[in-house]
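Take the sequence shown: its letters are residues -17 to 74, numbered as in our numbering.
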Amino acid sequence: MFWEFDTKNVEEVYKTMKAFNEAYEKNPEKFQKHVIPPHYMGNGKGFSLVEIENPEQLRNVQVYWNDVLKLKHHPVTESSSWIEAYMKSKQE
């Protein structure tokens, strides 16, 4: 997941992050799990490696951070599973 925010809104990001962390501690199953915690790359941009078990977790995260962070989720799979799926599609 890549994320971005307007650096003029750091206070709002901090407040939302604090509230999100509290919500996560109470109900971690509602949200994505961080495999690699958020890393800041400068200029309001960063990334995290997350595990999403169901679409509801993705929606909960997106709704929570709406208007504070721009989130972009990119699926990552093991290359061997992708190759296997590709070869099966060729046999059909």
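Beta carbons: idealized from backbone N, C-alpha and C, even for Gly.
Are the region 29 to 37 and the region 61 to 69 in contact at 8 Å, needing three or more beta carbon pairs?
In short, these stretches do not touch, since the Cβ pair count stays below three.
Grouping DSSP H, G and I as helix and E and B as strand, with all else coil, what is residue 74?
Of the three classes helix, strand and coil, the one that applies to residue 74 here is coil, per DSSP.
Can you tell me which of 38, 73, 72 and -8 puts its alpha carbon nearest to the alpha carbon of residue 26?
Comparing Cα-Cα distances from residue 26 to each of 38, 73, 72 and -8, the minimum goes to -8.
Relative to the C-alpha of residue -6, which residue among 56, 66 and 48 is closest?
Taking only the C-alpha atoms, the option nearest residue -6 is 48.
Does the beta-carbon distance from residue 43 to residue 14 come in below 9 Å?
In this structure, residue 14 lies closer than 9 Å to residue 43 by Cβ.
By the 10 Å Cβ neighbour count, where 16 or more other Cβ atoms means buried, how is residue 69 classified, buried or exposed?
Result: exposed.
To the nearest angstrom, report how far apart residue 30 and residue 39 are at their CA atoms.
Roughly 15 Å between the two C-alpha positions.
How should residue -17 be labelled, buried or exposed, when 16 other C-beta atoms within 10 angstroms of its C-beta is the threshold for buried?
By the neighbour-count rule (16 or more Cβ atoms within 10 Å), residue -17 is buried.
Could you round the C-beta distance between residue 28 and residue 19 to whole angstroms and report it? I think they count as a contact, below 8 Å.
With a Cβ gap of about 10 Å, residue 28 and residue 19 do not count as contacting.
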